[in-house]
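Chemist: I am attaching a structure below and will ask some questions about it afterwards.
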Amino acid sequence: MKPIEPALRTRRIRYAIRDIVVLADRLKREGKNILSLNIGDPCPFGFQPPSELVEAVHEAMKANKNGYGPALGVPEALDALRKEAVRKGIRELRTVFITTGASEAIEVCLTALLDPGENVLLPAPGYPLYSAIMGKLDCPLNLYHLDEEKGWLPDLDDLAARINSRTRGIVLINPNNPTGALYDPDTLKGILELAREKNLVVFSDEIYDQLVFDGNTHVATASLADDIPMVTFGGLSKNYVTPGWRIGWGMLSGPPEIIRDYDQAIQKILRARLCANHPEQYAIPVALGRARKHIPQMIEILQKRRDLTVEKLEAMEGVKCVKPGGAFYAFPSLDIPGSDKDFCEELLRETGVLTVFGEGFGQKPGTKHLRVVFLPPEETLSDAFEKMDSFLQKYRRRAEAPSS
Ligand code: PLP
């Protein structure tokens, strides 16, 4: 037999967050101590889900909720999500549905909207799942810049300039991965105005909506306009420390006459894939009800780690870091020779400090960054930043040394 040729679309799929782990795993097998500042999973760093959630899932399993569930989700959980939408100030709520992580909600909603060759505007830098899905759908990337000089807020002029005849929607991530930026209502209103003018669907990824620092509150995009078709993405993975449960959701909102056909198309896809993880869905009513007590403590811990991260990065020569307003990521810029990918891989090989290179998230040409996850305890972060600082100096000296 001849070798099996994979589909061309798979060539376009890149996922730097996982790709760099291949090298880290090899180094680990060779005995290197790895300091992981690379993955947005709170579980390995001492964070735990509220015990009530674990109990709710156990109870569901014991009550034999182990069969297929309803395609859109179990009624109790959908009811809790509708209440959560009201709490977020979303008024024109239409269909709410539960998925295998927010990841599946994102994939379903883009699949239900886009024909090959069409595009949605994606933030750069941004979470790479979106561009991977665009690759699968045979849709080209259309990236808009987030402006580092303005605290990584979307550059609205750039956004407007990139809308073309095949643009169907705008994605925004708030708080953002990988920059940690929290968007203010005026910025959100600016994006909504563009969507209104150009007849676009707005996808607001709010998976980190409860992890917001400095006493600020998160504003749901869909609470700011009733007349625009929108999907708000959320889930249990981050706020509730359960990424392995793969529970997420989408909340569709907007005027019924505009959104009806799109809503039906989403539901059709959801029916075709049976259901999201069934027993885990019973944690949703508990999570969105009484089990929020861990959030203030989580914010306090993360804020300390954020402060340490920014302080240590800013103290390094040629490194600048915009202070993240939420989530658990920082995206410092680096003044280094060569590419950030090379730097990131050498940093890993020599020091064991595992980050993700900026190129993997999309960034302005000519700029270089790393994504740093500040979930690890302060001692680990300090150790990693110390190693990064001395490596950075060595790296520059090496590049400046005349080659013999
Ligand atoms: N959206 C963003 C912005 C994320 O950072 C992530 C995970 O890192 C996801 C969605 C995926 O979340 P889930 O675990 O619910 O699939």
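Add 1 to the 1-based position in the sequence shown for my numbering, that's all there is to it.
No residue lacks a Cβ here, since even glycine has one placed at the ideal position from N, Cα and C.
Owing to the predicted nature of the structure, the values given are computational and were not obtained by experimental measurement.
Which ranges does the beta strand (DSSP E) cover as unbroken runs of at least 3 residues, wholly within the region 163-189, from first to last along the chain?
Modeler: Counting only runs of 3 or more, we get 168-174.
Chemist: Would you decide whether LEU275 is buried or exposed? Buried here means 16 or more other CB atoms lie within 10 Å of its CB.
Modeler: Per the 10 Å Cβ criterion, exposed.
Chemist: Just curious, the beta strand (DSSP E) that ASP148 is in, first and last residue?
Modeler: Taken as a continuous stretch (DSSP letters only), the beta strand (DSSP E) holding ASP148 covers 143-148.
Chemist: Since ASP228 contacts ARG272 with CB under 8 Å, what's their CB separation in whole angstroms?
Modeler: Not a contact, Cβ separation roughly 28 Å.
Chemist: Of the choices LEU225, LEU195, ASN175, whose alpha-carbon is the least far from that of ASP159?
Modeler: Comparing Cα-Cα distances from ASP159 to each of LEU225, LEU195, ASN175, the minimum goes to LEU195.
Chemist: Would the C-beta of TYR241 count as close to the ligand PLP, meaning under 7 Å from any of its heavy atoms?
Modeler: Answer for TYR241: no, Cβ out of range of the ligand PLP.
Chemist: Would you say GLY191 touches the ligand PLP, meaning its beta carbon is less than 7 Å from a heavy atom?
Modeler: No, the ligand PLP has no heavy atom inside 7 Å of this Cβ.
Chemist: Going along the chain, which residues of its own chain have a beta-carbon closer than 6 Å to the beta-carbon of PHE386, five neighbours each way excluded?
Modeler: Hits under 6 Å: LYS313.
Chemist: In terms of alpha-carbon separation, which member of MET317, ARG307, MET389, TYR145 lies closest to PHE375?
Modeler: PHE375 has its Cα closest to that of ARG307, out of MET317, ARG307, MET389, TYR145.
Chemist: Are there any heavy atoms of the ligand PLP lying less than 7 Å away from the beta-carbon of SER52, as far as the coordinates show?
Modeler: No - the ligand PLP has no heavy atom lying nearer than 7 Å to the Cβ of SER52.
Chemist: Strictly by DSSP, which residues pair up with ASP206?
Modeler: ASP206 is bridged to ILE174, PHE234.
Chemist: Going by alpha carbons, who is nearest to PRO297 out of LEU111, ASP210, GLY339?
Modeler: Out of LEU111, ASP210, GLY339, ASP210 has the C-alpha closest to the C-alpha of PRO297.
Chemist: Tell me whether LEU130, by its Cβ, gets closer than 7 Å to a heavy atom of the ligand PLP.
Modeler: LEU130 Cβ: within cutoff of the ligand PLP.
Chemist: Return the Cβ separation of LEU212 and ILE300 in integer angstroms, given the expectation that the two are a contact with Cβ distance under 8 Å.
Modeler: At roughly 6 Å, the Cβ-Cβ gap stays under 8 Å, so LEU212 and ILE300 are in contact.
Chemist: Closer than 6 Å by C-beta to THR352: which residues in its own chain qualify, once you throw out the five before and the five after it? Chain order, please.
Modeler: Excluding positions up to five away in sequence, the list reads LYS388, PHE392.
Chemist: Using only the alpha-carbon positions, how far apart do GLU6 and PRO117 sit?
Modeler: Looking at the two C-alpha atoms, the distance is approximately 21 Å.
Chemist: For the beta strand (DSSP E) containing GLY1, list its first residue and its last residue.
Modeler: The structure shown does not extend to residue 1, since the chain is modelled only from 2 through 405, so no value can be given for it.
Chemist: What does DSSP give as the partner residue(s) for VAL97 in the beta ladder?
Modeler: DSSP, once it has assigned bridges, lists MET252 as partnering VAL97.
Chemist: Please specify which runs of the alpha helix (DSSP H), each continuous and at least 4 residues long, are wholly inside the region 256-304, giving them in chain order.
Modeler: Complete alpha helix (DSSP H) runs here, min 4: 257-273, 284-288.
Chemist: Between the beta-carbon of LEU38 and the beta-carbon of PRO377, is there less than 8 Å?
Modeler: Yes, the pair counts as a contact, with Cβ atoms nearer than the cut-off.
Chemist: Cβ of PRO43 within 7 Å of any heavy atom in the ligand COA?
Modeler: Summarising the ligand content, the structure contains the ligand PLP and does not contain the ligand COA.
Chemist: When burial is assigned at 16 or more other CB atoms within 10 Å of the CB, is ARG372 buried or exposed?
Modeler: The residue in question, ARG372, is buried, as its Cβ has 16 or more Cβ neighbours within 10 Å.
Chemist: Give the single residue among VAL121, LEU154, ALA133 whose Cα lies nearest to the Cα of LEU144.
Modeler: Measuring from the Cα of LEU144, the nearest candidate turns out to be VAL121.
Chemist: By a C-beta neighbour count over all protein chains shown, 10 Å radius and 16 as the cutoff for buried, is VAL87 buried or exposed?
Modeler: With fewer than 16 other Cβ atoms within 10 Å, it is exposed.
Chemist: From ALA25 to LEU349, what does the alpha carbon distance come to, in whole angstroms?
Modeler: For ALA25 and LEU349, the distance between alpha carbons rounds to 7 Å.
Chemist: DSSP three-state label for ALA331, please.
Modeler: Looking at ALA331 - three-state DSSP - the assignment turns out to be strand.
Chemist: Just to confirm, does ALA103 get its C-beta within under 7 Å of one of the non-hydrogen atoms of the ligand PLP?
Modeler: Flag set: Cβ of ALA103 near the ligand PLP.
Chemist: Please work out which residues of its chain come closer than 6 Å, Cβ to Cβ, to SER340, disregarding the five sequence neighbours upstream and downstream, and give them in chain order.
Modeler: Closer than 6 Å at Cβ, skipping near neighbours: no residue.
Chemist: Please state whether the Cβ-Cβ distance between PRO333 and LYS321 is less than 8 Å.
Modeler: Taking 8 Å as the Cβ cut-off, PRO333 and LYS321 qualify as a contacting pair.
Chemist: For the beta strand (DSSP E) holding ARG1, just list the boundary residues, first then last.
Modeler: No answer is possible for residue 1: it lies beyond the span of the chain, which begins at 2 and ends at 405.
Chemist: If PHE172 sits next to TYR131, beta carbons under 8 Å apart, how far is it from one beta carbon to the other, in whole angstroms?
Modeler: Residue identity check: residue 172 is Val in the sequence provided, not Phe. Contact flag correct, Cβ pair sits at about 6 Å.
Chemist: If you drop the 5 nearest sequence neighbours on each side, which residues of the same chain put their C-beta closer than 8 Å to that of GLU379?
Modeler: Closer than 8 Å at Cβ, skipping near neighbours: LYS305, ARG306, LEU309.
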